[in-house]
Structures are given as structure tokens and as C-alpha cells.
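Chains as they are written, first to last, in UniProt numbering: chain A, 1 to 247; chain B, 1 to 247; chain C, 1 to 247; chain D, 1 to 247; chain E, 1 to 247; chain F, 1 to 247. Data block below; observations after.
Number of protein chains: 6
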Amino acid sequence: MTVLITVINANTSEEMTRAIERGARSVAGPGTRIHAVTPKMGPAAVESHYDEALAVPGLLAAIADGERAGSAGYVIACFGDPGLDAARELATGPVLGIAEAAMHSASFLGRGFSVVTTLSRTRGRAWDLAERYGMRRFCRGVHACDIAPLELDRDPDAVKKTLAACAAALDADGSDAIVLGCAGMSDWSDQLGAELGVPVVDGVRAATLGVESLVRMGLRIGTRDEYAPPPPKPYSGLLRDFGGREG
Amino acid sequence: MTVLITVINANTSEEMTRAIERGARSVAGPGTRIHAVTPKMGPAAVESHYDEALAVPGLLAAIADGERAGSAGYVIACFGDPGLDAARELATGPVLGIAEAAMHSASFLGRGFSVVTTLSRTRGRAWDLAERYGMRRFCRGVHACDIAPLELDRDPDAVKKTLAACAAALDADGSDAIVLGCAGMSDWSDQLGAELGVPVVDGVRAATLGVESLVRMGLRIGTRDEYAPPPPKPYSGLLRDFGGREG
Amino acid sequence: MTVLITVINANTSEEMTRAIERGARSVAGPGTRIHAVTPKMGPAAVESHYDEALAVPGLLAAIADGERAGSAGYVIACFGDPGLDAARELATGPVLGIAEAAMHSASFLGRGFSVVTTLSRTRGRAWDLAERYGMRRFCRGVHACDIAPLELDRDPDAVKKTLAACAAALDADGSDAIVLGCAGMSDWSDQLGAELGVPVVDGVRAATLGVESLVRMGLRIGTRDEYAPPPPKPYSGLLRDFGGREG
Amino acid sequence: MTVLITVINANTSEEMTRAIERGARSVAGPGTRIHAVTPKMGPAAVESHYDEALAVPGLLAAIADGERAGSAGYVIACFGDPGLDAARELATGPVLGIAEAAMHSASFLGRGFSVVTTLSRTRGRAWDLAERYGMRRFCRGVHACDIAPLELDRDPDAVKKTLAACAAALDADGSDAIVLGCAGMSDWSDQLGAELGVPVVDGVRAATLGVESLVRMGLRIGTRDEYAPPPPKPYSGLLRDFGGREG
Amino acid sequence: MTVLITVINANTSEEMTRAIERGARSVAGPGTRIHAVTPKMGPAAVESHYDEALAVPGLLAAIADGERAGSAGYVIACFGDPGLDAARELATGPVLGIAEAAMHSASFLGRGFSVVTTLSRTRGRAWDLAERYGMRRFCRGVHACDIAPLELDRDPDAVKKTLAACAAALDADGSDAIVLGCAGMSDWSDQLGAELGVPVVDGVRAATLGVESLVRMGLRIGTRDEYAPPPPKPYSGLLRDFGGREG
Amino acid sequence: MTVLITVINANTSEEMTRAIERGARSVAGPGTRIHAVTPKMGPAAVESHYDEALAVPGLLAAIADGERAGSAGYVIACFGDPGLDAARELATGPVLGIAEAAMHSASFLGRGFSVVTTLSRTRGRAWDLAERYGMRRFCRGVHACDIAPLELDRDPDAVKKTLAACAAALDADGSDAIVLGCAGMSDWSDQLGAELGVPVVDGVRAATLGVESLVRMGLRIGTRDEYAPPPPKPYSGLLRDFGGREG
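In C-alpha cells, the structure reads:
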């Protein structure tokens with residue numbers, strides 16, 4: 001039997017959705033079908049807390065769609081892991097964020113890792129997540145390569161710049177591994193790992209396999225209390241279609 | 001000169017907005033004008049991570065409105081402090097959440113406080129916030145009185161039940177103070193304090209005074225990096241009107 | 001191509017090795033071959049720090065054997081995760097402990113989990129590991145069912161007693177999930193999950209899938225510094241055959 | 001009705017008391033009367049743990065005086081917040097230290113702040129306080145400008161040197177805000193903020209407004225246990241006049 | 001050659017000084033001479049933060065006396081360790097507090113200890129110290145036996161009550177050891193240990209041996225920065241004799 | 001009566017055992033007899049987690065020998081403190097590791113210390129121990145002098161290189177004290193302390209005095225639960241002689 005995993009891009013760039021899809025499919029098991037989704041509403045790129053907050057309604061709508069399509073689990077493919085708690089209330093199967101999955105995987109690969117992300121202003125969010133996931137003790141530094149997310153596949157020097165940022169991070173932090181801090185870097189993980197000689201973790205791959213593993217073990221979020229389905233209620237204004245699971 | 005502080009309810013209940021307004025006005029200084037706002041879109045009540053996530057666009061729209069009206073600062077009047085980081089990017093003046101302000105104030109009033117909130121499922125969020133604000137060392141327990149937010153002013157026994165939950169929390173935690181865990185409890189802080197004989201902190205009051213104090217000191221969030229205004233960009237779907245500060 | 005994963009029991013009970021093998025095989029992907037191993041030296045059961053320390057040489061010898069057999073990765077199937085750091089220096093591929101994998105997986109399934117283990121005296125080690133892995137914030141309690149490891153499959157009431165300990169732990173800790181604290185409980189995870197209505201995580205399954213995932217992503221421990229192969233040197237006495245990787 | 005707030009300098013410099021008074025009055029609300037006090041005994045400056053310890057009896061005597069004068073609350077205007085716990089037992093109204101108030105305020109203004117203080121040897125105390133108040137996660141660095149407290153208003157280059165230390169701290173720490181680490185810097189906060197382009201927090205202002213806010217909310221320290229009035233008893237030697245509240 | 005260690009009681013009770021002296025002498029090595037001191041000024045008992053603050057000038061005067069007498073090191077024999085930092089600046093040799101020494105020793109004797117102290121209101125200070133010393137992970141509980149310090153040798157049931165409090169603490173906390181939370185309990189440590197069957201640590205003994213050990217290793221506090229001798233300066237009022245080391 | 005303390009080298013170098021013996025004897029009290037032991041099996045040097053793991057059986061055998069000889073306590077003289085928990089189960093008297101004792105002692109000597117150890121790859125273990133002992137808040141850095149343990153007494157420049165590494169560490173970390181990170185540096189502590197002008201702590205000395213102190217107070221590990229003697233059982237293979245205390 002085939003298992004459907006929905007991998008949701010948090011911005012509205014179709015190009016980034018295709019890159020995410022490639023990453024997820026490159027590791028998914030033979031029985032897993034990957035559906036990569038671009039949300040119907042949201043920001044063109046996620047570059048701020050403001051963008052992240054406004055990416056969430058589109059993400060949640062994509063999960064509601066996935067539930068109707070029988071999706072067994074979900075990956076939130078944006079390094080800020082936006083809407084993760086809400087998504088876990090909404091979905092029947094497991095949900096992982098790519099920062100979450102990448103950091104956990106990296107913690108198996110050494111005593112410390114460095115995150116290399118896009119813009120400097122997003123580093124605070126990465127630290128927040130490291131703490132939330134218990135990974136602060138492993139996260140030795142969060143570094144920006146100063147390329148905006150949507151420039152990652154337009155700037156011809158993007159890989160080179162990212163490679164340089166990774167090398168500098170490894171030295172500055174004395175780390176054992178690199179965590180790529182943007183879904184848009186997913187295509188480069190093997191190349192960077194080969195050039196740097198250290199494990200380079202792509203969260204899209206890690207989260208896809210993490211969800212696949214939880215599904216194979218028959219595990220989903222506990223619903224005794226905090227993560228029970230959200231109580232249905234009226235939503236007003238633009239959001240009137242979000243009235244809970246029954247919606 | 002009068003200073004305008006916008007106090008934003010996170011749900012769409014006008015009754016709760018009025019209660020919040022009463023709380024804020026009861027403490028604001030003579031030179032401060034309080035504008036209490038009900039968002040134009042969002043959930044009827046905030047009872048889950050899902051509700052909280054979907055309350056954020058309406059909150060941010062209210063801040064954009066406030067900016068146009070010359071608001072000097074903002075209070076996010078929902079105990080989950082939804083959208084706080086995004087709001088701080090968007091607003092010119094200071095922004096405080098009521099959980100944030102209440103917990104900080106309570107930390108001045110003893111070695112430990114107990115939070116008494118509405119539904120059990122929201123306790124996790126309160127713990128998250130306590131940690132984020134550095135208040136985990138002061139927060140000894142988060143307790144639910146098991147009354148849904150919108151029942152607070154409908155259930156004739158609501159005060160009595162909340163009082164009992166506070167008393168039980170003080171004993172269980174050995175705390176010095178109570179933090180009220182819902183904007184809808186704002187009306188009761190004096191009464192509960194008098195009956196319990198301990199300081200009872202209402203976040204609406206604390207946040208209103210906190211914003212007023214920051215405004216008086218001429219302080220607003222630092223914009224060197226993470227909290228600079230969000231880079232403008234296209235937003236699609238229902239959110240197409242949210243395209244950054246330039247709006 | 002088939003991938004070989006070696007799953008190493010830390011005690012010398014063949015029965016427990018068979019149970020571990022069943023658990024690992026029940027979740028391994030179609031391209032994965034599971035080799036479950038009983039070490040050639042070590043304690044009959046692991047019930048103390050002393051037993052754990054003396055289980056390590058046999059575990060490391062099993063890894064050296066696995067390296068010669070081309071094993072792609074390893075699971076240390078004892079909830080104390082004995083010898084994990086040494087194993088990571090010795091092995092070419094990834095190595096996971098079952099406590100490590102179970103705790104990480106459980107952190108995806110709620111805000112807090114409870115560990116249910118065998119003997120009371122082993123609880124300290126579980127707390128140590130929770131801290132080491134960054135999982136202390138998720139680990140709400142470690143509880144003993146007071147059955148010695150080797151009694152788990154002899155005591156006809158063992159499942160019933162473990163079920164009762166799990167139910168009590170969930171209530172006492174307000175947890176969302178259970179982590180089984182002994183490889184010898186691996187057979188029961190589905191049954192316990194069904195009866196308790198919460199996710200019950202078996203570390204043998206979680207670690208097997210964790211190793212399989214790392215192998216699929218081409219990731220192994222970083223060897224820049226701490227986890228480089230151990231410098232070869234003479235070992236004396238009973239351990240003279242352990243002289244480093246070169247053997 | 002006018003509210004009296006007593007602001008206590010911890011050393012015996014009248015000049016510093018006047019500077020503190022200016023800072024407090026510049027922000028206090030129209031209904032607040034500021035009484036700035038120089039203690040009758042104590043060190044000429046606070047430059048060591050030893051000085052801080054010996055500043056405490058004079059501070060406590062000033063609070064006893066304030067109680068007799070009907071003071072509604074107190075500010076301890078020395079960045080080491082000496083005697084804070086004892087003061088809270090003694091006073092009927094709220095008591096804030098300036099390090100405490102400044103750090104809390106700064107936590108509302110970004111993800112991290114830097115403290116700039118006088119002498120290098122006082123940095124340890126600032127770290128201690130950051131931890132005690134839960135502010136360690138926000139405090140990214142404590143830096144000395146290497147000017148002794150009493151030189152602050154004598155050294156013609158003091159502002160320039162402090163400005164340079166602030167700029168260096170912001171860069172080294174990647175902070176969003178500055179906390180001034182000495183009451184003697186209170187006069188400079190606006191100027192430094194304007195030149196640096198970041199929020200610069202003066203604890204004298206922040207604590208004055210914090211006490212004013214607590215008074216307006218009718219809140220004072222909880223007296224259920226630790227912070228109940230100190231049990232009266234004989235004090236011998238020089239301190240024989242300190243025999244408890246009844247004194 | 002004989003080494004002089006000065007053990008300073010923090011209150012003015014001669015009886016307690018004698019008990020402290022007995023404890024220190026019962027363990028000191030043959031080459032060590034113990035001088036137990038009652039301060040010339042201070043509170044009759046230490047039962048509050050206020051008392052603790054006012055005990056410090058007398059303690060520091062006793063250290064200044066000790067320096068003149070050639071004391072090789074000091075024990076601060078009050079469980080709140082009052083004035084420890086100031087004492088370390090003032091003394092040439094090592095200084096230990098009894099809470100500090102007891103907690104460190106207890107951390108060698110198991111995974112967790114329980115503190116049993118006198119009055120409930122002093123528990124907060126014990127937690128503060130546990131954190132400061134890095135011992136919070138070992139300190140599982142702080143419990144009061146509800147006997148005022150000066151009643152310890154007057155109440156004929158004091159040992160019995162303390163024994164009961166210790167037994168209850170061990171059960172509630174699942175601890176391996178007891179730390180006695182008052183210098184006035186020093187006489188009972190052997191008896192309590194024998195009756196409870198667990199290690200019972202008396203801080204007076206532990207600190208005496210700790211200072212003796214540091215002296216034997218030739219170690220004293222580092223004076224590169226924070227703990228250099230306090231800069232001399234004028235002190236006014238009652239404290240005019242405290243003008244620094246030169247005094 | 002003479003008290004016997006057994007000091008166990010963790011590698012098989014007789015030269016290092018002699019250095020350890022010198023360190024221990026230089027501080028032990030007149031009534032203490034030091035027995036320094038080279039284990040009968042184990043690695044020639046401890047340079048990796050692998051070496052450390054394989055040092056443990058020999059260490060435990062030495063403790064079993066010590067028990068038969070009536071040893072009152074034990075020092076594990078290797079900076080990784082290998083086998084400490086197991087040793088504490090096995091021994092009747094107290095057991096201290098040299099990293100443990102050195103870090104605790106250094107915490108009495110300032111706000112922060114720096115560890116200077118041999119090879120870079122062992123730094124991770126030192127951080128692990130600092131955390132386990134609650135000493136992370138005091139440990140500001142772990143630095144390697146890049147001399148292999150067995151080269152310490154062969155390289156004529158070893159002291160000079162270590163001195164340089166200590167000086168650099170003090171500057172980089174702003175520390176008050178140095179902790180020597182290898183038993184093989186024991187001979188140099190006085191010389192280094194004199195040249196650096198800061199306290200330099202040798203763990204062999206500190207642990208010897210720590211054990212002596214615990215013995216003098218009549219304290220040993222609590223055996224209520226985790227540290228009770230290990231339950232006897234069959235051990236197979238090379239380790240068949242390790243069958244528990246009854247052995």
C-alpha cells in the first residue's frame with residue numbers, strides 16, 4: 001500500500017516547491033508517494049516574522065486539503081517551521097518541520113552543529129527553534145550567507161557563497177556538522193557535504209524520512225490534551241472558511 | 001499631548017473587547033488615550049494553537065490601522081501573545097503581550113507565581129511563553145479553571161470557580177502571586193486579590209502600563225537586524241492586502 | 001542494493017535478542033537487512049551502572065565485527081545507550097541508541113512524554129540521557145514498573161503491570177506519550193498504544209528507522225575532531241585484542 | 001492624590017543622588033512625587049562586592065525612613081541592586097532595583113541586549129543579576145568602559161568613552177539594545193540612544209516607572225512566606241537600631 | 001606548622017558558636033587550629049533576608065580581625081552563606097560558606113539530595129544558593145522543619161522533628177542524601193545519618209575540610225579581576241571603620 | 001589509625017602512575033596512606049571515548065582489589081572520570097573523579113575557570129562532565145595544548161607549551177583559575193600557578209583531599225536506590241570474573 005506524504009512549501013514560489021519535491025523524493029522509500037504543495041495564499045518569500053505569520057493560514061489550508069486527500073503525514077518545508085503546533089492539532093498523522101528534523105538529525109552526527117541560513121534577520125527564529133526542540137546544546141552558531149531566499153536559485157554564485165559561509169561557520173564554531181537553514185538550499189546538500197567533508201543535513205530530506213518513520217511505526221501526535229483537534233467555532237472576515245476541522 | 005495606545009483583542013467578541021478596554025483605562029495615566037479594538041477577521045475565541053495562528057492576520061491588520069492612526073504603542077490582549085514578533089516588526093512604537101507583561105510584573109512580587117488560565121489545553125502555550133520571556137524560573141505552575149474563554153462572563157459561577165482554582169494553585173505551588181491567564185478575567189483582578197490576600201496580576205493592566213512606560217522613556221524595539229520593518233513583497237490569495245508596511 | 005543494519009543487544013540473553021530482532025524487522029524498509037547480535041561477552045542483564053560499563057567491550061567487539069561484515073549502521077539496543085560515544089568513533093556508518101531514538105521521536109508527538117522502565121535504580125541513567133540529548137524539557141517523568149529485565153518475558157503479568165505503570169505515569173505527568181524504557185518491552189508497543197490511546201514509542205523501532213534514514217541520506221558522524229577514529233595503541237590484559245580499528 | 005516614590009542612591013555621593021533624581025523626575029507621571037535619598041552611612045562609591053555589602057545597612061535605614069514618611073514604593077538606584085530581598089521584606093509597597101528594571105525593559109526591545117558598566121570587576125555581579133531575573137537569555141554581554149563610578153561626571157571624556165564602549169558592545173554581541181550599567185550614567189541615555197540609533201535603557205527611569213506602574217495596579221510583594229515582614233529581634237553592636245520593622 | 005582556620009557564626013548566639021566549634025574541631029586535621037568567632041554586631045538569629053543582610057558587616061569585621069591574626073582561611077557558618085563574595089575580596093586565604101560546602105559534598109554522594117532547614121521562609125535563599133553553586137540539578141527539594149534557629153537547642157523535640165522532616169524529605173524527593181540547612185543542626189549529623197541510613201551532610205564539617213584542603217593545596221581565590229582586594233575609599237556613618245583592607 | 005586511599009590510574013603507563021602518586025602524597029594528611037595503582041588491563045593511554053570505555057573494566061577490577069584490601073576510598077585519576085557511576089556502586093567508601101574534584105574546587109576560587117587539556121578531541125568529554133557536575137556555569141572554556149598524554153613527560157617543551165595554553169585560555173575566557181585537564185600534568189600545578197599568578201587546580205590533589213574529607217566525615221554514597229551494590233549475575237566471555245561484588 002502506498003503512503004502519501006504532503007510536503008508544504010511556505011511561500012508561493014513554484015520553483016522552490018519543485019526543489020523541495022526533488023529533495024523529498026530523493027530519499028522517500030518505495031512505498032511513499034510525495035505530494036509537494038504550493039499554498040494558495042501567502043508571501044512570495046519568508047524573510048521576516050511578519051512573512052512567517054502570514055504564511056500560516058495557507059499552510060493550514062494545505063493541511064486541510066491533505067486531510068481530505070488522505071495524506072498520512074506532513075512536512076512543513078520552511079526553516080522557521082511556521083504553524084507547527086496548529087498543524088499538529090489539525091492533522092491526523094504526524095507533522096514535522098524541516099528545522100526540527102534537521103536539528104534532531106544533526107544531533108546524531110556530532111557534539112555540535114552550525115546552521116547556515118539566508119538572511120541575518122532570520123537567525124533569531126532559528127535560535128528560538130533550537131531552544132524549543134531541546135537542540136540549543138547542540139546548536140553552536142547560526143550564520144547567514146546573506147542571500148535572500150528567492151535569490152538562492154538566481155544568483156549564480158549562491159552555492160559558492162553558501163559553501164564559504166559553511167566553511168567559516170565550521171571553523172568559528174568548531175562544529176561537527178552543518179544544518180542548511182533554508183528549504184531552498186535542499187538541492188545542494190550532497191555537493192556541500194562532499195566539498196566540506198562533514199555531514200550536511202537538509203531538513204527537507206530529514207523531515208520526509210522522519211514523517212515516513214513515524215507513519216511506519218503507526219505513531220501520531222498524542223491527543224489527550226493540548227494537541228486534540230481544535231474546537232470548531234465561527235471564524236470571521238477573510239478567514240471565515242477556517243472554522244475548524246469540520247470546515 | 002495625548003498618547004494613543006491601541007489595545008487589541010485577539011478574538012472577535014465585542015464583550016471581551018469592552019472588558020479589556022475597562023482594564024486598560026482603569027490604570028492608564030491622564031495623558032494616555034486607550035483605543036480597544038476588535039479585529040475584523042479571526043476566531044470567535046482563542047482556544048487552540050489553530051485559533052491563535054488564525055488570530056494573527058487580524059491582529060496585524062489592526063496594527064497597520066493603528067500605525068495610520070498614529071498609535072504610540074500596542075497591547076496584544078490575548079494570553080498566548082499571538083503574533084508578537086511580527087507585530088514588533090510592523091509597529092513603530094513598542095508592543096507588549098499580556099502574558100509577557102503579567103509574568104514580568106509578577107516576577108517583581110515574589111519568588112514564584114502561578115498562572116490560572118481557562119482551558120487545560122492552553123497550558124502548554126503558557127509554559128512556552130514563560131520560557132521565552134525568561135520567566136520559567138518564576139512560573140511554578142500553570143493551572144486551568146476549565147471554563148472556556150467565552151463562558152467567563154456567561155457562567156454565573158465563573159469568578160467563584162476561578163477563585164477556587166487560584167487558591168488551589170497557591171497551595172500546590174507555594175507561590176507568592178497569581179497571574180491571570182486570560183484577558184477575559186481582567187475585570188476580576190482586584191476582587192481576587194482582595195479575597196486571596198496575594199497579588200493578582202492582570203496582564204491587560206500590566207501591558208498597558210508597560211507600553212505607556214516605554215513610550216514615556218522614548219523607547220521602541222531595536223531595528224538593527226531581526227526587528228527591522230519586514231521587507232515588502234507580494235502576498236497572494238486572501239492575504240494579498242498584507243504586502244508589507246507600505247501596504 | 002540491500003543495506004545491512006546491525007542491531008546489538010547489550011546483554012547476553014538470546015531471547016531478548018530475538019525480541020529486538022522482531023521489533024527492528026517489523027519496521028525496516030524493503031531494502032534493509034537486519035542483523036540482530038548477542039555480544040560474546042558481557043552481563044546476563046543490564047541492571048546497574050556496573051552492568052552497563054561491562055556491557056561496553058562486548059558491544060564494541062560486535063561493532064568491529066559489523067565493520068568487517070560491511071554493516072551500514074548500528075543500533076545499540078539497551079535503554080542506557082551504553083558505549084554510544086565509543087561506538088560512534090569506531091563505526092563508519094551512523095550509530096543510534098534506543099533511548100536516544102525513542103526520546104527524539106517522542107518529542108515529535110507532544111509537549112511531554114513519560115518513560116516507563118524496569119527497575120527503579122535505572123531511572124537516574126534515563127534522566128542523564130534525557131539531558132544529554134536535549135530531551136529533558138520533554139521528559140516529564142521516569143517511572144519503574146519494578147520488573148527486572150529478564151523477567152519481562154517470564155512474568156505472565158508483565159504486560160499488565162507495565163500497562164498499569166504507563167497509565168499511572170500519564171496521569172502523574174500529564175504527558176502526551178509513553179517511551180518504553182527497555183529493549184525487552186519492544187514486543188508490546190502496539191498493544192500498549194492501543195490500550196492506552198496514546199503514542200507508545202519503542203526505541204528499537206525508532207532507532208532502526210533512524211539509522212535507516214541517516215544511511216539513506218548518506219550521513220554519518222562528523223570526524224573532524226572528537227569523533228575521528230580512535231588513535232590505535234596497545235591494549236593490555238584481557239582487552240589486548242581491542243587495539244583500535246586496525247585490530 | 002500624590003504618590004511618593006523614594007529613589008535611594010546606594011553610595012554617599014550627593015552629586016550622584018541629584019543625577020538619579022533628574023532621571024526619575026524626567027519620566028514620573030504627574031501624580032508622582034520623587035524623593036531622591038543619599039543614605040546616612042555607606043561607601044563613597046560602589047566598586048566591589050565589599051562596597052555593595054556595606055551599602056545595604058544605609059539603604060535599609062532609608063527604607064525604614066521612607067515607611068515612616070508614607071512612601072508608596074522604592075527604587076534601589078545602584079546597578080548591583082544591593083539589598084533587594086531585604087528591602088522587599090521591609091517595605092510595604094513595591095521595590096525595584098535599577099538593574100532589574102532595566103533588564104526587563106530591554107527584553108521588550110529586542111532579542112538581546114548588552115550591558116555597559118563602569119569597572120570590569122563589577123561585571124560578574126551583572127551576570128548574577130541577569131540570571132536571577134531570568135534575563136540571561138537576553139543578556140548577550142556585559143562590558144566595562146573602565147571609568148570608576150565617581151569619575152563619570154568628572155572625566156570630560158566619559159560620555160565619549162561610554163559611547164565607544166556601547167558601539168563596540170553592539171557589534172561584538174549583535175545586540176538590539178543597550179542597558180546602562182550604572183546609575184551615574186542616567187543623564188546620558190537619550191543622547192546615547194540618539195547617537196547609537198538603538199534603544200538605550202536607563203534603569204533609574206525604568207525602575208521609577210515600574211514602581212509607579214505597580215503602585216497604580218495596587219500590587220506589592222506577596223507576603224505569604226518568604227517576603228513576610230522580618231521577625232523582630234535584638235540586633236547588637238553598631239546595628240542595634242535595626243531591630244526589625246517595629247524598631 | 002599549625003594552620004589557623006576561622007569559623008564565623010553569623011548571629012550573636014554564643015551557644016551556636018560553641019556548636020559550630022564542636023563540629024569544625026571534630027573533623028579538622030591534626031595541624032589545623034579552629035577559631036570559632038561570634039561577630040561583634042549583628043542579629044540574634046538569621047531568619048530573614050533582612051537579618052542576613054545585617055549579619056554581613058559583623059562577618060566582614062571578623063574577617064578583618066582574622067587577617068590581622070594570620071588566619072589561613074575562613075568558614076561562613078550560616079546556611080545562607082551571607083557576604084560570601086565580599087569575604088572573598090577581603091580575605092587572603094580561601095573562604096567557604098557552609099551551604100556551598102555541604103551541597104558540593106552531597107553532590108558526590110548520589111544523584112540528588114534534599115535540604116532540611118529551619119523556617120519555611122528561608123527556603124527561597126537555599127534555592128538561590130543551589131543555583132548559584134551549580135547544584136540545582138542535585139537539589140531535589142528544600143524542606144522546613146519549622147523550628148526557629150534559636151529553638152534548635154531549646155526545643156527538647158528538635159532532633160525528633162528534624163529526623164521526621166528528613167525522612168519525609170527523602171521519600172518526597174527520592175533523594176540519596178540529606179543536607180542540613182542550619183549551622184545549629186551541626187551536632188546531629190552523625191545521629192541523623194545513623195537513624196536514616198543515608199549520608200547526612202553538615203556544612204560546618206564540610207566547609208572546614210574544604211578550606212583545609214584548599215589551604216593544603218596552596219589555593220586561594222583568583223584576584224585577576226572581580227575578586228581583587230576592594231579598592232579602599234571613605235565609608236561614612238556607622239560604617240566609617242570599614243574603609244577597605246587598609247582599614 | 002591509618003586510612004587507605006586507592007588512587008587508580010586509568011591507563012597502563014607506570015610513569016603516569018608514579019606522577020599521580022606523587023601528587024596525591026604531596027597533599028594527603030598524616031593519617032592517610034596512598035596506594036597508587038596501574039590497572040591490569042586497559043589502554044596504554046586514554047585519548048578517545050573508545051579508550052575511556054575500555055579503561056573501565058581494569059578500573060573496576062582495581063576497585064574490587066581495593067575492597068579486599070580495605071581501602072577507605074578511591075580516586076579515579078583520569079580527567080574523563082571513566083566508570084565513576086559503576087565505581088560508586090562497587091565501592092564501600094567514597095569515590096571521586098579528578099575532573100569532578102578539580103572543577104568543584106575551582107568553583108570556590110572565582111566566577112569562572114578554564115580547563116587546559118591534552119588533545120583537542122577530548123574537549124567534548126570535559127564539557128559533558130562540567131555539565132553533569134553542575135559546573136557548566138563556572139567552566140568558561142576547554143582548551144587543548146595539543147600534546148598527547150604520554151608525551152607530557154617526554155616532550156621537553158611540554159611545560160612551556162602548557163603554560164602558553166593556560167595563559168591564552170585565561171585571556172580568551174576572562175577566567176579566574178585554571179583546571180589541569182590531565183592526570184599527567186599533576187607535577188606542574190605549583191609551577192604553573194606561580195608563573196601564571198592564578199590558582200591552578202590539579203585534580204589528583206583535589207580528589208585525594210576530597211576523598212579524605214568524606215572519609216573523615218564518615219560519608220559514603222547513598223545506597224537507597226540507584227547506587228546500591230550491583231545485583232550479582234553471570235558475566236560471560238572475557239569478563240566472566242566480574243560477576244558482581246560477591247565475585
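Built from N, CA and C at the ideal position, the CB exists for glycine as well.
The C-alpha of PHE79/B is placed about 41 Å away from the C-alpha of MET16/D.
Any Cβ of chain D closer than 8 Å to the Cβ of GLY124/A would place that residue at the interface, and such an atom is present.
By the Cβ rule, the region 99-107 of chain B does not count as touching the region 55-70 of chain A, because fewer than three pairs are nearer than 8 Å.
In terms of beta-carbon proximity, ASP81/B stays away from the interface with chain A, with every pair separated by 8 Å or more. The region 187-204 of chain A and the region 79-91 of chain C do not touch, with fewer than three beta-carbon pairs separated by less than 8 Å. At least 8 Å separates the beta-carbon of THR162/A from that of MET135/A. Closer than 8 Å at the C-beta level to chain A, one finds these residues of the region 94-120 of chain D: ARG111. Between ALA164/C and LEU119/C, the gap from beta carbon to beta carbon reaches 8 Å or more. Nearest C-alpha to VAL75/E among ALA28/E, GLU47/E and ALA228/E: ALA28/E.
Here DSSP, grouped into helix, strand and coil, assigns THR117/C to strand. For HIS49/A, the chain B residues whose C-beta falls within less than 7 Å of its own C-beta are ASP85, ALA86 and GLU89, listed in chain order.
At a C-beta separation below 8 Å, TYR235/F has these neighbours in chain C: MET41, GLY42, PRO43, ALA44 and LEU54. About 26 Å separates the Cβ atoms of HIS35/D and ARG125/D, ruling out a contact at the 8 Å cut-off. A Cβ-Cβ separation of about 6 Å places CYS139/D in contact with VAL115/D under the 8 Å criterion. A check of alpha carbon separations from PRO231/C across LEU4/F, GLY23/F and PRO43/F identifies PRO43/F as the nearest. When secondary structure is reduced to three states using DSSP, ALA44/D falls in the coil class, being assigned neither helix nor strand. Under the three-state reduction of DSSP, ALA144/E is assigned to strand. Put simply, the backbone Cα of ARG154/B is about 42 Å away from that of TRP127/A.
Residue-level contact check: VAL179/E does not touch chain F, since none of the beta carbons of chain F fall below 8 Å from its beta carbon.
With 16 or more other Cβ atoms from the protein chains shown falling within 10 Å of its own Cβ, ALA72/F counts as buried. Under the three-state reduction of DSSP, CYS182/B is assigned to coil, being neither helix nor strand.
Look at the region 20-100 of chain A and you find these whole runs of alpha helix (DSSP H), each 4 residues long or longer: 49-68 and 84-90. Neighbours of GLU226/F in chain C, taken as residues at a C-beta separation under 9 Å, are given in chain order as SER48, HIS49, SER120, ARG121, THR122, ARG123, GLY124 and ARG125. When only Cα atoms are considered, ARG33/C and LEU129/E end up about 54 Å apart. Between THR92/C and ARG205/C, the CB-CB gap reaches or exceeds 8 Å.
Fewer than three Cβ pairs drawn from the region 210-224 of chain C and the region 54-61 of chain C lie within less than 8 Å of each other, which leaves the two stretches out of contact. Contact of GLY58/C with chain F is assigned, a C-beta pair being separated by under 8 Å.
Secondary structure note for VAL159/C: its alpha helix (DSSP H) is the uninterrupted segment 158-173. A distance below 8 Å separates the beta carbons of PRO94/D and PHE108/B. Under a criterion of Cβ atoms nearer than 8 Å, the residues of chain B adjacent to TYR133/D are, in order, SER107 and GLY134. Within chain B, the C-beta atoms nearer than 7 Å to that of PHE242/A come from LEU54, in chain order. The beta-bridge partner set that DSSP reports for SER236/A consists of GLY42/B. It is roughly 43 Å from the alpha-carbon of ARG137/D to the alpha-carbon of SER13/E. Here ASP157/C is exposed, its C-beta having fewer than 16 other C-beta atoms within 10 Å.
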